[in-house]
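Peer 1: Structure in structure tokens, see below.
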Amino acid sequence: MSGPDGAQEFGGRLRERRLAAGLSLAQLAACIHYSKGHLSRIERGLAVPGPGFTDLCDAVLGPDSEAVPLPSRKSGAKRSATTADAFTDPALAFAVPYRTHSLPPAGRFFVGRRDTLALIESVLEGAETQPVSSDVVCVLSGMAGSGKTAIAVQAAHRIRNAYPDGCLYLSLHGHTRSMPPLTADDALDRLLRLLGMPGECIPQHPEDRAAAYRAAMADKRLLLVLDDAIGSSQVLPLLPGNPRCPVLVTSRTVLNALDDAHRLQIDPLPHEEAVALFAQVAGLVNTPGKGTAGVPAALHRPPLDAAVTLCGHLPLAVRIAATRCATGSSRTVSDLVRRLADEHARLAELTDNERSVTASFAVSFEALDSAERRMFVVLGLHPGSDLDAAAAAALADCDAREGESLLDRLADANLVLRAGLGRFDLHDLLRAFARDLARRLPDPERTAAVHRMTDHYVMLADAASRALAPHRHRLPLGPIPVPEGGLPPTSTYEQALAWFTAEQRTLVELVHASFDERTDVRCWQFAYLLRDFFFVTKQWDSWIASHREALRAAQRLADPRAEAVTANNLGLALIETGDLTGADEHYEQARRLFSVLKDVHGIANALGNHAWIHFYRGEFPQAFDQFSTAFEHYQQAGARRNAAITLRGIGLTEVEMARYDGAVAHLEAALSAFTELDLPLDSAMALNCLGEAHLRRGDMRSAITSLEQAAALSRRCGSRFEEARATRNLARATEAAGDLAAARRNRSRALELYAELGPAGEASLWPPLRYAH
46 MSGPDGAQEF GGRLRERRLA AGLSLAQLAA CIHYSKGHLS RIERGLAVPG PGFTDLCDAV
106 LGPDSEAVPL PSRKSGAKRS ATTADAFTDP ALAFAVPYRT HSLPPAGRFF VGRRDTLALI
166 ESVLEGAETQ PVSSDVVCVL SGMAGSGKTA IAVQAAHRIR NAYPDGCLYL SLHGHTRSMP
226 PLTADDALDR LLRLLGMPGE CIPQHPEDRA AAYRAAMADK RLLLVLDDAI GSSQVLPLLP
286 GNPRCPVLVT SRTVLNALDD AHRLQIDPLP HEEAVALFAQ VAGLVNTPGK GTAGVPAALH
346 RPPLDAAVTL CGHLPLAVRI AATRCATGSS RTVSDLVRRL ADEHARLAEL TDNERSVTAS
406 FAVSFEALDS AERRMFVVLG LHPGSDLDAA AAAALADCDA REGESLLDRL ADANLVLRAG
466 LGRFDLHDLL RAFARDLARR LPDPERTAAV HRMTDHYVML ADAASRALAP HRHRLPLGPI
526 PVPEGGLPPT STYEQALAWF TAEQRTLVEL VHASFDERTD VRCWQFAYLL RDFFFVTKQW
586 DSWIASHREA LRAAQRLADP RAEAVTANNL GLALIETGDL TGADEHYEQA RRLFSVLKDV
646 HGIANALGNH AWIHFYRGEF PQAFDQFSTA FEHYQQAGAR RNAAITLRGI GLTEVEMARY
706 DGAVAHLEAA LSAFTELDLP LDSAMALNCL GEAHLRRGDM RSAITSLEQA AALSRRCGSR
766 FEEARATRNL ARATEAAGDL AAARRNRSRA LELYAELGPA GEASLWPPLR YAH
């Protein structure tokens, strides 16, 4: 019997190559997944293989320098099994193992994730209740190194006995640097081979191959694990269409096009589980796989806690770090912590001979399109912990809508995190990766992006500051470009307070970053614009630290007006924390500079603020005289808010001098002015002062009325500090009035508020903080 044209020459050459390689017929058949009998027919020229056969042989035997072309078929020659007939024609049927398993072994070290495993199990166990021909798909998505594969394998081992036909595992190599992602066509080829189909029977056409795969899965109850998918298009052709064969998919992206999939976000480990993983991998405990139970509470906890925190609780990073200081290594956990503490060198520490956090991130980054990559890189220039789309758009030089779209796509790829409505964040290690990339930008491009960002924040902070303190005397900040989309809503007090609350950490970091980069104008301006927010929230540590740097920046600029204003605002923060000496020095510094500049308003501000030094030192006549001098200037200048603030100081001084009638009159006048000017925080402060005046002169009914109004208004304007002060004095007033139940409630509430305030609450108890400019 003769074979197709050219078949004998092709088969003879194949036999020569096989023998030269020292392989038996059975060994070559095993390597290329063809049956031994069919391979024998090819060598004898009695059968013609499919188009992919030569590539498979070349991969095993090496390229053929004397290659013989693949023979063509004779007309009417018997065709190979290239369709789903292999599953339906008894003559072409192949043996399928009773139970098919290709699962990797479960890792030795696996910690926690109980809730996630339970959710996966509940989703996959629901397969039996799904309609016929539907797919049950569970997608585990998360950032690189978050442990998705380990969770999927662990879950599959836990439930595989529920599937009598076994479990198939296939890596799709979506993010394997050493090889391209598996195509759906190649994936189907591998799955069919895992199911037992001989290579010569696998159809060549993708649709035929998919039909053969679905036919093979139609009557099975089998678990399919598809690891490391790069996109939905890679997964969709691999869905079996049989709810008795549920599919567990892992991916760094959320795979939005898998419409009916159950999605679980895999986050970094909780702190205690990360500590347990580190301890187990490093050999500090001998109970792998038992959660946190094997970690003694006192076992190197300070350095262990620090190490896993610096690893961002990311399982890949934790494992690498733990391996580097495993038992028998000369490196201690404390030494590792010292090295990881340097952000510039952190990623370099998180690598070993086979694994690298940076390499893992780089593969995700390289899968992005050019616009997404550019956005991710410029995010590395942002100094804060989170940002909104408008700030990202300023960095990337695009409009806010495009910025939000790019951030959404980065979030879908798990390269940024959604941190609340309209806000985005980066995991600590991804931020370090982005900053490494940003440092490689050309200097002009990096400088331009930073300038756009700082202009953006100065513009918004200026608008929000004006809404918080609309009658404040302000310095000109120079021209600041307004974006095409305009300003976000910060026109009301509540909107401005919400904006500052969301952006405060970024603004403080911009003060420090601007100082380090010697962009001194922006440095003092950011501190200047933060002052009104700090006055409301009493965040004294940030207030003082930012203004100290801003003062040095103003001095480097040789800008006496910026220096004077910053020194004055720094003195205010110092006096509120009880540092009278420091406040005195800065108020005097401000007064001298304003005098040189012949700035009458500035001189009055410094004088009015300095009056509080005398007040807190018990020098009440001197305080009264300085308040009165400042008040006269403000009246003449028409500065109504400043005049009312100074009246508040005069009234409190009169309380200390036992001039209660005058104190009440001045405080009521101040309250009236604040109410007319629609200044809720100043009104709350005036009511607090008025309540104290009534309390000191023994009028408990009036004191209680004023203090209750102060507490309510403080809550509305977001000042926990003024609410705490009002509630504490309410406890005193209600107790003096004989209402002991109300006194207990107020005292308990005051303690809660001071506890919430933390250091600000403790500092406010020094006797007795008042209300400066």
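Using the working numbering, read the sequence shown as starting at 46 and increasing by one per residue.
Backbone N, C-alpha and C fix where the C-beta goes; we use that ideal spot for every residue, glycine too.
Compare the Cα-Cα distances from V378 to each of A590, F323 and T396 and report the closest residue.
Peer 2: Within the sequence shown, residue 378 is the residue found at index 333, counting from 1. The shortest Cα separation from V378 among A590, F323 and T396 belongs to F323.
Peer 1: Taking Cβ positions, are A195 and L169 nearer each other than 9 Å?
Peer 2: Against the sequence shown, residue 195 aligns to sequence position 150. Against the sequence shown, residue 169 aligns to sequence position 124. No.
Peer 1: How many Å lie between H678 and L615 at the Cα?
Peer 2: Reading the sequence shown from its first residue, position 633 is the one you call residue 678. Reading the sequence shown from its first residue, position 570 is the one you call residue 615. Roughly 23 Å between the two C-alpha positions.
Peer 1: Measuring CA to CA, which of A618, R761, E767 and A710 is closest to N733?
Peer 2: Numbered from 1 along the sequence shown, position 688 holds the residue referred to as residue 733. When only C-alpha atoms are compared, the closest one is E767.
Peer 1: Would you call D272 buried or exposed, if buried means 16 or more other Cβ atoms sit within 10 Å of its Cβ?
Peer 2: Counting from 1 along the sequence shown, the entry for residue 272 is found at position 227. So D272 counts as buried.
Peer 1: Given that a residue counts as buried once 16 or more other Cβ atoms are within 10 Å of its Cβ, and exposed if not, what is P285?
Peer 2: Position 240 of the sequence shown, counted from the first residue, corresponds to residue 285. Buried, because 16 or more other Cβ atoms sit within 10 Å of the Cβ of P285.
Peer 1: Rounded to whole angstroms, what is the Cα-Cα separation between A260 and D230?
Peer 2: Within the sequence shown, the letter at position 215 stands for residue 260. Within the sequence shown, the letter at position 185 stands for residue 230. CA-to-CA, the gap between A260 and D230 works out to about 16 Å.
Peer 1: For A445 and A434, what's the separation of their Cα atoms in angstroms?
Peer 2: The residue you call residue 445 lines up with position 400 of the sequence shown. The residue you call residue 434 lines up with position 389 of the sequence shown. Going from the Cα of A445 to the Cα of A434 covers about 6 Å.
Peer 1: Considering only their Cβ atoms, is the gap separating L432 from R468 smaller than 9 Å?
Peer 2: The residue you call residue 468 lines up with position 423 of the sequence shown. The residue you call residue 432 lines up with position 387 of the sequence shown. Between R468 and L432, the CB-CB gap stays under 9 Å.
Peer 1: Out of Q540, A668 and V641, state which residue places its alpha-carbon closest to the alpha-carbon of R761.
Peer 2: In the sequence shown, residue 761 corresponds to position 716, counting from 1. The candidate whose alpha carbon is nearest that of R761 is Q540.
Peer 1: Within this structure, are the beta carbons of S587 and V610 separated by less than 9 Å?
Peer 2: Locating residue 587 in the sequence shown gives position 542, counting from the first residue. Locating residue 610 in the sequence shown gives position 565, counting from the first residue. For S587 and V610, no; Cβs fall outside 9 Å.
Peer 1: Would you kindly check if the distance between the Cβ of P282 and the Cβ of M188 is under 9 Å?
Peer 2: Here residue 188 refers to the residue found at position 143 of the sequence shown. Here residue 282 refers to the residue found at position 237 of the sequence shown. No, the pair does not count as a contact, with Cβ atoms beyond the cut-off.
Peer 1: S640: which of E608, Y661, E449 and H202 sits nearest, CA to CA?
Peer 2: Along the sequence shown, read from residue 1 onward, the residue named residue 640 stands at position 595. Nearest of E608, Y661, E449 and H202 to S640, Cα basis: E608.
Peer 1: Can you name the start and end residues of the alpha helix (DSSP H) that T492 belongs to?
Peer 2: Numbered from 1 along the sequence shown, position 447 holds the residue referred to as residue 492. Element bounds for T492: D488 to L513.
Peer 1: Tell me the rounded alpha-carbon separation between L724 and A514.
Peer 2: Position 679 of the sequence shown, counting from 1, holds the residue named residue 724. Position 469 of the sequence shown, counting from 1, holds the residue named residue 514. Roughly 8 Å separates the two Cα atoms.
Peer 1: Need the endpoints of the alpha helix (DSSP H) that Y705 sits in, please.
Peer 2: Along the sequence shown, read from residue 1 onward, the residue named residue 705 stands at position 660. First-last of the alpha helix (DSSP H) with Y705: Y705 to E721.
Peer 1: For the stretch 664-678 against the stretch 627-644, do three or more pairs of beta-carbon atoms, one drawn from each stretch, fall closer than 8 Å, so that the two count as touching?
Peer 2: no
Peer 1: Using CA atoms only, rank isn't needed, just tell me which of F98, L293 and L542 is closest to L726.
Peer 2: Locating residue 726 in the sequence shown gives position 681, counting from the first residue. Per the Cα distances, L542.
Peer 1: In whole angstroms, what separates the C-alpha of A572 from that of I204?
Peer 2: On the sequence shown, residue 572 is found 527 positions in, with the first residue counted as 1. On the sequence shown, residue 204 is found 159 positions in, with the first residue counted as 1. Put simply, the backbone Cα of A572 is about 58 Å away from that of I204.
Peer 1: Rounded to the nearest angstrom, how far is the Cβ of R297 from that of S186, given a contact under 8 Å?
Peer 2: Locating residue 297 in the sequence shown gives position 252, counting from the first residue. Locating residue 186 in the sequence shown gives position 141, counting from the first residue. So it is a contact: roughly 7 Å between Cβ atoms.
Peer 1: Quick test of your reading: I311 and G152, contact by CB under 8 Å. State the CB separation rounded to the nearest angstrom.
Peer 2: By one-based count along the sequence shown, residue 311 stands at place 266. By one-based count along the sequence shown, residue 152 stands at place 107. Not a contact, Cβ separation roughly 15 Å.
Peer 1: Which partner residues of F469 appear in the DSSP bridge assignment?
Peer 2: Counted from its first residue, the sequence shown places residue 469 at position 424. Beta-bridge pairing links F469 to L432 and R463.
Peer 1: For R789, count neighbouring Cβ atoms within 10 angstroms of its own Cβ and tell me buried if that reaches 16, exposed if not.
Peer 2: Here residue 789 corresponds to residue number 744 of the sequence shown, with the count starting at 1. Exposed.
Peer 1: Could you tell me whether the Cβ atoms of A748 and A778 are closer together than 9 Å?
Peer 2: On the sequence shown, position 703 is the one that residue 748 refers to. On the sequence shown, position 733 is the one that residue 778 refers to. Contact flag set, yes.
Peer 1: Taking 6 Å as the limit between beta carbons, can you name the residues of its chain near A342, skipping five residues before and five after?
Peer 2: Position 297 of the sequence shown holds residue 342. Low per-residue confidence applies at A342: pLDDT is 48, beneath 50, and the placement is therefore not dependable, though the value from the model is reported in the following sentence. Within the same chain, A342 has no close Cβ partners at all.
Peer 1: What three-state label does DSSP hand R124 in the structure shown?
Peer 2: Working through the sequence shown from its first residue, we reach residue 124 at position 79. With a pLDDT of only 40 at R124, under the threshold of 50, the placement of this residue in the model should not be trusted, and no figure is reported.
Peer 1: May I ask you to report which of helix, strand or coil DSSP gives D273?
Peer 2: Taking the first residue of the sequence shown as 1, we reach residue 273 at position 228. D273: strand per DSSP, three-state reduction.
Peer 1: Looking at P291 and D180, is the spacing between their C-beta atoms short of 9 Å?
Peer 2: Translated into positions along the sequence shown, residue 180 becomes position 135. Translated into positions along the sequence shown, residue 291 becomes position 246. Going by C-beta atoms, D180 is nearer than 9 Å to P291.
Peer 1: Mapping DSSP to helix, strand and coil, what is Q249?
Peer 2: As a first step, residue 249 must be located in the sequence shown, where it is residue number 204. DSSP places Q249 in coil when its eight states are reduced to three.
Peer 1: Can you tell me the Cα-Cα spacing of A787 and R454, whole angstroms?
Peer 2: Here residue 787 corresponds to residue number 742 of the sequence shown, with the count starting at 1. Here residue 454 corresponds to residue number 409 of the sequence shown, with the count starting at 1. If I take the Cα positions, the gap works out to 54 Å.
Peer 1: Grab the span of the beta strand (DSSP E) containing V294 for me, first residue to last.
Peer 2: The residue labelled residue 294 in the question sits at position 249 within the sequence shown. Unbroken beta strand (DSSP E) run through V294: V292 to S296.
Peer 1: Is the beta carbon of A367 sitting closer than 9 Å to the one on V326?
Peer 2: On the sequence shown, position 322 is the one that residue 367 refers to. On the sequence shown, position 281 is the one that residue 326 refers to. Result yes, Cβ atoms of A367 and V326 sit closer than 9 Å.
Peer 1: What does the Cβ neighbour count give for K643, buried or exposed, with the cut at 16 atoms within 10 Å?
Peer 2: One-based indexing of the sequence shown puts residue 643 at position 598. Under the 10 Å beta carbon count, K643 is surrounded by fewer than 16 other beta carbons and is classified as exposed.
Peer 1: Between R601 and R593, what straight-line distance do the alpha-carbon atoms span, to the nearest angstrom?
Peer 2: Here residue 601 is taken as the residue at index 556 of the sequence shown, counted from 1. Here residue 593 is taken as the residue at index 548 of the sequence shown, counted from 1. Cα to Cα, R601 sits roughly 13 Å from R593.
Peer 1: I need the DSSP call for A185, collapsed to helix, strand or coil.
Peer 2: By one-based count along the sequence shown, residue 185 stands at place 140. A quick correction: the sequence has Leu, not Ala, at residue 185. Of the three classes helix, strand and coil, the one that applies to L185 here is strand, per DSSP.
Peer 1: In angstroms with no decimal places, state the Cα-to-Cα distance between V422 and H646.
Peer 2: For the purposes of this step, residue 422 is identified with residue 377 of the sequence shown, where counting begins at 1. For the purposes of this step, residue 646 is identified with residue 601 of the sequence shown, where counting begins at 1. Spanning the two alpha carbons is a distance of roughly 46 Å.
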